[in-house]
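2 protein chains.
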Amino acid sequence: MADTARRPEPRYGNRPTMKDVAARAGVGLKTVSRVVNGEPGVTPDTERRVQEAIEILGFRRNDSARVLRKGRTATVGLVLEDLADPFYGPLSRAVEEVARAHGALLINGSSAEDPDREQELALALCARRVDGLIVIPSGDDHRYLEPEMRAGVATVFVDRPAGLIDADAVLTDSFGGARDGVAHLIAHGHRRIGFIGDRPRIHTAAERLRGYRAAMEDAGLPVRDVWVSPGSTDPERVRTAVREMLAAPEPVTALFAGNNRVLVTVVRALAAHPRPVALVGFDDIELADLLGVTVIAQDAAALGRTAAERLFRRLDGADEAPERVVLGTTLLARGSGEIPPQAD
Amino acid sequence: MADTARRPEPRYGNRPTMKDVAARAGVGLKTVSRVVNGEPGVTPDTERRVQEAIEILGFRRNDSARVLRKGRTATVGLVLEDLADPFYGPLSRAVEEVARAHGALLINGSSAEDPDREQELALALCARRVDGLIVIPSGDDHRYLEPEMRAGVATVFVDRPAGLIDADAVLTDSFGGARDGVAHLIAHGHRRIGFIGDRPRIHTAAERLRGYRAAMEDAGLPVRDVWVSPGSTDPERVRTAVREMLAAPEPVTALFAGNNRVLVTVVRALAAHPRPVALVGFDDIELADLLGVTVIAQDAAALGRTAAERLFRRLDGADEAPERVVLGTTLLARGSGEIPPQAD
DNA sequence: TCCTGCCATGACAACGTTGTCCAGGTTCTA
DNA sequence: TAGAACCTGGACAACGTTGTCATGGCAGGA
Chain A
1 MADTARRPEP
11 RYGNRPTMKD
21 VAARAGVGLK
31 TVSRVVNGEP
41 GVTPDTERRV
51 QEAIEILGFR
61 RNDSARVLRK
71 GRTATVGLVL
81 EDLADPFYGP
91 LSRAVEEVAR
101 AHGALLINGS
111 SAEDPDREQE
121 LALALCARRV
131 DGLIVIPSGD
141 DHRYLEPEMR
151 AGVATVFVDR
161 PAGLIDADAV
171 LTDSFGGARD
181 GVAHLIAHGH
191 RRIGFIGDRP
201 RIHTAAERLR
211 GYRAAMEDAG
221 LPVRDVWVSP
231 GSTDPERVRT
241 AVREMLAAPE
251 PVTALFAGNN
261 RVLVTVVRAL
271 AAHPRPVALV
281 GFDDIELADL
291 LGVTVIAQDA
301 AALGRTAAER
311 LFRRLDGADE
321 APERVVLGTT
331 LLARGSGEIP
341 PQAD
Chain B
1 MADTARRPEP
11 RYGNRPTMKD
21 VAARAGVGLK
31 TVSRVVNGEP
41 GVTPDTERRV
51 QEAIEILGFR
61 RNDSARVLRK
71 GRTATVGLVL
81 EDLADPFYGP
91 LSRAVEEVAR
101 AHGALLINGS
111 SAEDPDREQE
121 LALALCARRV
131 DGLIVIPSGD
141 DHRYLEPEMR
151 AGVATVFVDR
161 PAGLIDADAV
171 LTDSFGGARD
181 GVAHLIAHGH
191 RRIGFIGDRP
201 RIHTAAERLR
211 GYRAAMEDAG
221 LPVRDVWVSP
231 GSTDPERVRT
241 AVREMLAAPE
251 PVTALFAGNN
261 RVLVTVVRAL
271 AAHPRPVALV
281 GFDDIELADL
291 LGVTVIAQDA
301 AALGRTAAER
311 LFRRLDGADE
321 APERVVLGTT
331 LLARGSGEIP
341 PQAD
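Protein chains in written order, with the numbering used here: chain A, 1 to 344; chain B, 1 to 344.
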């Protein structure tokens with residue numbers, strides 16, 4: 001009894017350490033380390049004794065300490081906007097799967113679209129010494145990451161490019177997607193088309209607006225001010241925009257919704273509207289098929305996967321120049337985008 | 001020049017350490033620590049010198065080392081099933097917000113409904129020495145967590161209770177919700193009601209099935225075998241179940257869908273069916289309002305928030321007995337649940 | 001029998017931080 | 001002016017692990 005009682009209490013809550021295991025098994029510290037890590041050079045008999053001690057004490061290696069010693073954390077960080085947004089779930093999940101395949105853990109945090117919070121979060125992750133960082137930017141100045149990147153934190157931006165620094169980015173072709181969607185409406189006879197998007201400060205939102213304008217211009221169509229409404233995704237704001245466009249002197253006969261959140265509100269607003277109005281949205285949403293909503297779909301999982309793969313390629317030593325990868329979109333015609341123009 | 005060149009290269013990629021900062025500022029190591037942590041006992045002048053050195057070198061405290069020293073990681077882990085499932089996004093986000101309010105980071109991982117992977121993930125998080133763990137169980141035996149919990153890892157289970165161990169759990173009233181939903185259909189005149197749920201191995205799925213049976217029994221209604229179909233959420237499986245129930249000798253006039261994934265498939269299947277069939281689903285889904293789908297809604301965010309708050313209360317030292325918290329559900333009548341029984 | 005060489009094992013330092021404690025200097029008081 | 005009290009700053013150990021290197025034992029060959 002004295003044998004075990006004499007030993008000082010283990011620390012860290014009350015977890016046993018390798019030292020405790022070593023004492024219990026009557027071997028050296030390093031031997032325990034070897035067993036735990038499956039390194040060669042341990043007799044089967046010794047190994048058994050160590051395993052027994054581990055079992056009895058309920059030892060689990062402290063990866064914090066390991067990380068400190070090894071210099072690599074096998075952890076990557078993902079800074080996104082809002083995990084509750086259905087767009088980011090699959091993206092995050094895809095990143096996680098790639099990380100898992102590389103034996104890494106994923107820490108993700110939401111910036112809530114606040115640039116300050118994005119920075120705070122990204123730097124907190126750097127302080128944890130994540131090996132790499134995937135960022136969906138909220139802000140438009142990422143110079144704060146330069147010291148970190150120089151210090152070796154691999155960084156890939158997703159969905160939107162980095163601001164004021166040169167870095168990898170994996171994007172969806174927002175411009176092309178929006179242009180295709182609007183061209184689709186034009187091909188179905190529409191001449192007066194409204195655009196309701198997110199705040200133009202956001203890169204994707206600006207690109208989609210640009211795509212809308214390009215399609216209209218390509219078709220030689222004018223764009224009235226009242227037809228274009230960038231702004232927040234607040235439902236009230238969006239409903240107002242829809243109402244105004246439909247009540248304008250030259251009312252729109254079709255709408256293009258700039259992202260998933262705008263889209264659901266527009267779908268609801270149009271459902272309450274007496275006259276059929278054509279609609280194409282950017283981003284697919286669940287059950288859109290049943291509602292017959294035509295969309296420009298982007299592949300959130302592919303976005304995440306591509307970014308993560310690029311990140312791990314860098315972590316594995318690839319030393320390529322920063323690159324911008326652009327993924328295409330798919331038009332899913334389901335009815336709402338094929339409604340012909342209807343007079344009042 | 002010799003002054004700086006003589007010094008050995010910093011480690012960890014090439015990040016400066018407090019030692020480097022101290023040397024540069026011409027102060028002691030501990031003084032840098034004091035400045036970085038805002039501890040008192042440093043002259044404004046010394047502080048300025050240190051700050052400058054930090055700025056110039058681009059120093060950022062290594063939280064890995066800090067954690068090792070302090071014993072607390074200010075990190076909590078969340079093991080869930082699949083982040084791509086729209087149910088878990090808001091839940092995870094809610095946990096994150098609570099963690100943030102307590103100055104902690106969140107690491108979350110998906111078990112993909114695989115009990116082995118759940119265990120692997122949970123233990124990996126423990127090896128990182130998370131302070132606390134929130135688990136949405138996939139498996140039904142959590143004894144593997146006992147050593148960890150004894151060692152001081154606060155643990156709260158969400159959505160489903162822990163198996164074979166006594167632990168905190170925050171649950172939705174699946175039984176009551178399902179019973180209410182089925183009772184709602186009965187109140188609208190239905191006598192032959194089908195139940196399509198997830199695998200009964202899953203606690204919530206079993207509870208909902210039990211709720212269905214209870215409602216039927218309360219109303220003195222028989223339940224035919226063909227009306228009850230627990231199983232995977234695979235769309236093909238669900239479609240088959242719907243088809244069989246509608247084609248049975250005593251065909252159902254109403255359906256109860258056991259969760260969000262089953263529900264979307266049932267909605268699609270019924271949309272293609274000629275005769276109107278009443279439907280109530282467990283879990284709300286986006287745009288269900290427009291489709292007129294009546295549901296028993298649970299509050300995923302509240303689930304996550306409640307669990308996280310409980311976790312942090314434990315981390316702050318609360319030493320209460322493990323408790324089970326059950327959150328209620330809300331019936332949202334939107335039309336599909338109020339369709340009267342229709343003969344063929 | 002003795003030497004060579006290999007192999008299992010362990011002692012020790014280091015990773016970057018923080019807590020403890022002590023030293024030296026300044027200021028205030030008697 | 002001496003002593004006490006206080007305050008700034010630094011030396012040192014410790015957190016739990018892994019990499020390096022030394023040691024001692026044993027088998028095999030001469």
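All residues carry an ideal CB built from backbone N, CA and C; glycine is no exception. For clarity, every value in this text was computed on a predicted model and none was experimentally measured.
Give me the Cα-Cα distance between R6 (chain A) and G58 (chain A), rounded to the nearest whole angstrom.
-> No answer about R6 (chain A) holds up, because its pLDDT of 28 lies below 50 and its placement is not dependable.
CB-CB length for V67 (chain B) against L185 (chain B), believed under 8 Å = Incorrect: roughly 53 Å between the Cβ atoms, too far for contact.
Under 8 Å from the C-beta of E96 (chain B): neighbouring residues of chain A | L83, G109 and S110
DSSP three-state call for S111 (chain A): helix, strand or coil?
-> Here S111 (chain A) sits in coil by DSSP.
Straight-line Cα distance separating R24 (chain B) from L83 (chain B) | 46 Å
Residues in the segment 271–297 of chain A with C-beta within 8 Å of chain B's C-beta atoms, listed in sequence order?
-> A271, I285, E286, L287, A288, D289, L290 and L291
Based on the DSSP secondary-structure assignment, which residues constitute the bridge partners of F256 (chain A)?
-> A:F195 and A:V280
Own chain, CB closer than 8 Å to R210 (chain A), minus 5 neighbours either side, in chain order | F175 and A178
Using a Cβ-Cβ distance under 9 Å, would P115 (chain A) count as near chain B?
-> no
Applying a beta-carbon distance threshold of less than 7 Å, which residues of chain A neighbour A124 (chain B)?
-> L105
Which word fits L164 (chain A), buried or exposed, when buried means at least 16 other C-beta atoms lie within 10 angstroms of its C-beta?
-> exposed
Just the chain A side, please: which residues come within less than 9 Å of N14 (chain B) by C-beta, in chain order?
-> R150, A151 and G152
Compare the C-beta of P235 (chain A) with all C-beta atoms of chain B and state if any pair is closer than 9 Å.
-> Contacts with chain B at 9 Å (Cβ-Cβ) do not include P235 (chain A).
Could you run through the segment 52–70 of chain B and flag, in chain order, every residue whose CB is less than 7 Å away from some CB of chain A?
-> G58, R60, R61, N62, D63, S64, A65, V67 and L68
Among A:R208, A:M216, A:G189 and A:A104, which one has its Cα closest to the Cα of E120 (chain B)?
-> A:A104
Which chain A residues sit within Cβ distance under 8 Å of G89 (chain B)?
-> L83, A84, D85, P86, Y88 and G89
Since I believe E81 (chain A) is in contact with I136 (chain A) (beta carbons under 8 Å), could you give me their beta-carbon distance rounded to a whole number of angstroms?
-> 6 Å
Whole-Å CB distance - T329 (chain A) paired with D173 (chain A), under 8 Å assumed | 6 Å
Keeping to the same chain, check which residues put their C-beta closer than 6 Å to that of G132 (chain B); ignore five residues upstream and five downstream.
-> V76, A154, L311 and L315
For T265 (chain A), I'd like the list of residues in its chain whose CB is within less than 7 Å of its CB, leaving aside the five on either flank, ordered along the chain.
-> P235, V238 and R239
Length of the line joining the Cα atoms of G18 (chain B) and G41 (chain B) | Note that residue 18 (chain B) is Met in the sequence shown here, rather than Gly. Those two C-alpha atoms are separated by around 18 Å.
By the criterion of Cβ-Cβ separation under 7 Å, what are the contact partners of S92 (chain A) in chain B?
-> L83
How many Å lie between P341 (chain B) and G335 (chain B) at the Cα?
-> 13 Å
List, in order along the chain, the chain A residues whose C-beta lies closer than 7 Å to that of P147 (chain B)?
-> G58
For L303 (chain A), which residues from the same chain have a beta carbon less than 7 Å from its beta carbon, with the 5 sequence-adjacent residues on both sides left out?
-> L91, V158, D159, V170, T172 and L327
Supposed contact pair H190 (chain A) and T253 (chain A) - C-beta distance, whole angstroms, cut 8 Å = 5 Å
Is it buried or exposed for P230 (chain A), if we count other Cβ within 10 angstroms and need 16 for buried?
-> That one is buried.
Counting only runs of 3+ residues fully inside the segment 152–179 of chain B, write out the beta strand (DSSP E) ranges in chain order.
-> 154–158 and 168–172
Is V295 (chain A) closer than 9 Å to L263 (chain A) when the C-beta atoms are compared?
-> yes
Is N14 (chain B) buried or exposed, if buried means 16 or more other CB atoms sit within 10 Å of its CB?
-> Its Cβ having fewer than 16 others within 10 Å, N14 (chain B) is exposed.
What in chain A is Cβ-close to A127 (chain B), meaning under 8 Å?
-> Ordered by position in chain A, the residues that pass the 8 Å Cβ test against A127 (chain B) are R60, R61, N62 and D63.
Return the chain-ordered list of same chain residues with a C-beta closer than 8 Å to the C-beta of D85 (chain A), the five sequence neighbours on each side being excluded.
-> N260 and R261
Flag T73 (chain B) as yes if its beta-carbon sits less than 9 Å from any beta-carbon of chain A, otherwise no.
-> yes
For G109 (chain B), which residues of its own chain have a beta-carbon under 7 Å away from its beta-carbon, when the five flanking residues on both sides are left out?
-> V79 and L121
Decide if T73 (chain A) is buried, meaning its Cβ has at least 16 other Cβ atoms within 10 Å, or exposed.
-> When all chains shown are included, T73 (chain A) counts as buried.
Assign P235 (chain B) to one of three DSSP states: helix, strand, or coil.
-> helix
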